[in-house]
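For reference, the structure is listed below as structure tokens.
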Amino acid sequence: MTKNLNHYHVHTTWNEVLDGISLKNKKYLITGANIGLGKESAKAILSHEGYVVLTVRTEEKKQQLYTELSSQFDDALFEIKLLDLSSLNDIRRFVKQIILEDVKLDGILANAGVMATDFKLTVDGFEQQFGINHLGHFLLINKLTPCLLKGARVVMMTSGAHRLSNVDLDDPNFNHRPYSRWTAYGQSKSANVLFAFEFDRRWKDYNIRAFAVAPGIVLDTNLHLHLQHDDFKELAEKQDTNKVPVKSLSAGVATQIMALCHPEFADKGGIFLEHCSYSQINEDTRQGTGVIPWVLDVAFGQKLWHLSEEMVNETFTEYAKLKSEVSYGELAHNRLPQSKKISLTGIEFKTENAVIEIFFDQKSCTIEGYHQQGIFIPKEANYEAVEVRNNLFFVDLLFPEHTEITLSIALDFTTNKALFILTQYQPKSLPDHSKPIPLKLASNYQQYFTPAIILTGNHKVNECRYPFITSDLIGSRALYCYSNLPPTVYEHIYINSHWYCYNVINGIRKGDGGCDQVSYYKFDDSTYVVTWRELLIDLSFVFVYDLENKTTTGKGWGNLSEVNKMINIPAGANIISLNSLNYPLNYIPT
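Going from the sequence shown to this note's numbering is simple: count from 1 and add 436.
Quick look at the structure:
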């Protein structure tokens, strides 16, 4: 029989917390698991038959941890993966690996971190403590949400040091203020709490909860080994830690294990825990325990969330939004990862009346020869490329100074075919409400299609045929699964050459349905480009359909009134084919 919280105290150990609890068939991810609290947490879970996915930064640490754990536990119950939380690219690599392996998690323990370090920037230009402790976990956890099972818990490790400093939203990287190692650490630990509470607010309706945990003072870690006497003297001037109890390692991890695994918290979240109990509000920053009020500010937490999205250059869905509002982050969960295969390359295209040249740098590109009558096309753009399947790419171009247009390119280096899709935002004049207008019949978007041939590749140019308008998909019906948890599923029926019908089976817009303007282009029997212009919501979409592997990859783009600016929405889905409509010969739609 498990004990309730009344039996626990500051020196309760993880053995006591997990007494009588089986973690069989449970799987947890722990970051920073090679030492200290992370490694001890792994041992606690393994001791109760749980499965752990552990992350470390180097191959050497991976081997050392494997040797130690395999001498005590069945190595079929754990796996160790490399992850560098100071690199956004490496986080994205790790997430891609986890998702491709179809890992499903009952919880994440965000344990990795650094403390009171000398000033240093991460590879992405962030102050090291803010970059690793907060931004690294912010990106990791948000991108891993498709792997979280219902009932999963996210535990953010914070510290009593969160009381040293709130987050400076104007200068988190100390570009314009003197650097203080303890202020920077406090800022990162406040960010951990704010993120946990905002994540919980966004996900609690889907029974995924988040907690903030302060372990207390635990000396059996290496977080402090780089610090000198003067560094601790500086801390003592800011905060009195003499009254904070010193814990053993097994007591130090008890609270985080309790938050992650104990049935007491199965339906709870948005909670700050310390010393195996609920923490109390304490406004005195000189004291080392309790919750400082600034981390309870919901509006401030939302501002930090949006700043963090800007810093990692990704937007994540707020699932607590009303169903009537468009939810765009949910469309990206099943999208294929970005690719660098076309970076640092120049590609030449032939259209019916022009030659187009594009040189792709790492993140930007230059364009020569692409024109659309009456529309100014800048010669420089930012871009993102996704490899849909081998040698087939979806390329998304954005023009930062000209937000009224965007350019998408489908490239197939196997057949040497390409299709340029220019989408232009052209808002219609406001309707005259004195007259009845039963239905909006025109979208705010125009799309211009330019078929092309790639002048380098596996086929001779004169053997290639341009991508062409097709009616192949008319009458077909399928489900498009954009995310698995929460499930986001759309049904499409392609009714003729100009219109398709959609029905939202699951997701934020569940129950919505309607018809939108559509266009179809064919590359070959397994490759199509499908685009549409929405009527009810101010959005346009471009997708590459890979019918061989049953995926779609593309984007949405539109003017969302909630933010009053053009938003780019990476999107991708898995296709479940349904029955097609068989029309009599005399009644085939066109």
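For each residue, glycine too, the CB sits at the ideal point set by N, CA and C.
- Task: Throw me the rounded Cβ distance for the A632 and A646 pair, which I believe falls under 8 Å.
- Result: 4 Å
- Item | For A914 and H928, believed in contact at Cβ under 8 Å, the rounded distance | 6 Å
- Cα-Cα, which of D952, Y819 and W741 is closest to S775? Y819
- Query: Do you know how far the Cα of F835 is from the Cα of A854?
  - Reply: 20 Å
- Task: State yes or no: is the C-beta of D526 within less than 9 Å of the C-beta of L536?
- Result: In this structure, L536 does not lie closer than 9 Å to D526 by Cβ.
- Do you know whose CA, among D961, L767, I693 and N718, lies nearest L459's CA? I693
- Message: Looking only at its chain, what residues have a beta carbon closer than 6 Å to the beta carbon of R825, apart from the 5 residues adjacent to it on each side?
- Response: Excluding residues up to 5 positions away in sequence, D982 and N985 lie with their Cβ nearer than 6 Å to the Cβ of R825 in the same chain.
- Query: For L519, does the three-state DSSP call read helix, strand or coil?
  - Reply: coil
- Message: The alpha helix (DSSP H) that contains H742, what's its start and end?
- Response: For H742, the enclosing alpha helix (DSSP H) starts and ends at V734 to V748.
- Task: Starting from I1011, trace the beta strand (DSSP E) both ways and give me its first and last residue.
- Result: K1001 to S1013
- In this structure, does DSSP put I778 in helix, strand or coil? coil
- Message: When you compare the stretch 466-473 with the stretch 488-497, are there three or more beta-carbon pairs, one atom per stretch, that lie closer than 8 Å?
- Response: Because the criterion of three Cβ pairs below 8 Å is met, the stretch 466-473 and the stretch 488-497 touch.
- Message: Taking 7 Å as the limit between beta carbons, can you name the residues of its chain near Y884, skipping five residues before and five after?
- Response: Counting only Cβ-Cβ distances below 7 Å, and skipping sequence neighbours, we find Q808 and L858.
- As assigned by DSSP and simplified to three states, the class of D510: coil
- Message: Looking at P1020: is its Cβ nearer than 9 Å to the Cβ of G911?
- Response: no
- Nearest CA to the CA of K640: which residue from P651, F856 and K586? K586
- Query: Around the C-beta of F849, are 16 or more other C-beta atoms found within 10 angstroms, so that it is buried, or is it exposed?
  - Reply: buried
- Query: Given a threshold of 16 other Cβ atoms within 10 Å of its Cβ, counted over all protein chains shown, does Y926 qualify as buried or as exposed?
  - Reply: buried
- Message: For a test of the three-state rule: what should DSSP assign to I466, helix, strand or coil?
- Response: The answer is strand: DSSP assigns I466 an E or B state.
- Backbone secondary structure at I693 - three-state DSSP: helix
- Task: Please state whether DSSP places A687 in a helix, a strand or coil.
- Result: helix
- Message: Check for me: the beta strand (DSSP E) holding Q381 runs from which residue to which?
- Response: With the chain covering 437 to 1026 only, the question about residue 381 has no answer from this structure.
- Task: Count the other CB atoms, across all protein chains shown, that sit within 10 Å of the CB of F795; report buried if there are 16 or more and exposed otherwise.
- Result: Answer is exposed; the Cβ neighbour count stays below 16.
- Message: With three or more C-beta pairs closer than 8 Å as the rule, is the stretch 682-689 touching the stretch 444-454?
- Response: yes
- Does the Cβ-Cβ distance between M747 and L571 come in under 9 Å? Contact flag set, yes.
- Query: Among H598, A480 and M592, which one has its Cα closest to the Cα of D720?
  - Reply: H598
- Is it buried or exposed for N1018, if we count other Cβ within 10 angstroms and need 16 for buried? exposed
- Query: Comparing alpha-carbon positions, which option in T594, V629, C937 and N611 lies nearest P651?
  - Reply: T594
- According to DSSP, residues forming a beta bridge with V488: Y464 and F514
- Can you have a look at S879 and say buried or exposed, based on whether 16 or more other CB atoms are within 10 angstroms of its CB? buried
- Would DSSP call Q723 helix, strand or coil? strand
- Message: Using the three-state DSSP reduction, which class does T449 fall into: helix, strand or coil?
- Response: Here T449 sits in coil by DSSP.
- Query: Do you know offhand how far Y957's Cα is from H573's?
  - Reply: 41 Å
- Message: What does the alpha-carbon distance come out to for the pair H895 and S744?
- Response: Residue placement at H895 is flagged as unreliable, the pLDDT there being 48, under the threshold of 50; the coordinate-derived value follows with that caveat. Taking the straight line joining both Cα atoms gives about 45 Å.
- Message: Taking the straight line between their C-alpha atoms, what separation do you get for K540 and K532?
- Response: In a straight line, the C-alpha of K540 is about 13 Å away from that of K532.
- Task: Find out if the Cβ-Cβ distance for the pair N1004, T781 is shorter than 9 Å.
- Result: no
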